[in-house]
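Residue numbers (the numbering used here): 188 to 293.
For every residue, glycine included, the Cβ atom is placed at its ideal position computed from N, Cα and C.
See below:
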């Protein structure tokens, strides 16, 4: 079962540029099913009523073409709960990060 996050009430802003997702030995990780390389992007997820959280979103394929400070929309953002060695958390993965176009002044 996939846990898809409703992103309609959030705004997402890139806070750290895309970089390769690496294993503990520094090797670039790849998707187990497709073999596509994985990249991570740190974003601020702002929800008007509860405030902001900093999350890291993993994307497979080509590195997302996004810049720090840019607003983006995660496509099919999935929350993936995990637990290992007495630690736990939630990882986030998206099919893509779409850059929002800047609004031009009239």
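Start and end residues, beta strand (DSSP E) containing residue 224: Looking up residue 224 in the chain shown gives position 37. In this chain, residue 224 is not harboured by any beta strand (DSSP E), its DSSP state being neither H nor E.
Looking at C-beta atoms only, is the number of pairs between the region 226-243 and the region 196-203 that lie closer than 8 Å three or more? With a cut-off of 8 Å, the region 196-203 and the region 226-243 count as touching, because enough Cβ pairs lie within range.
Can you tell which of 249, 213 and 194 has its C-alpha closest to the C-alpha of residue 235? Within the chain shown, the letter at position 48 stands for residue 235. Selected option, being the one with the closest Cα: 194.
Buried or exposed by the 16-neighbour rule on C-beta atoms within 10 Å, applied to residue 215: Locating residue 215 in the chain shown gives position 28, counting from the first residue. Residue 215 comes out exposed.
May I ask you to report which of helix, strand or coil DSSP gives residue 210? One-based indexing of the chain shown puts residue 210 at position 23. Annotated three-state conformation of residue 210 is coil, per DSSP.
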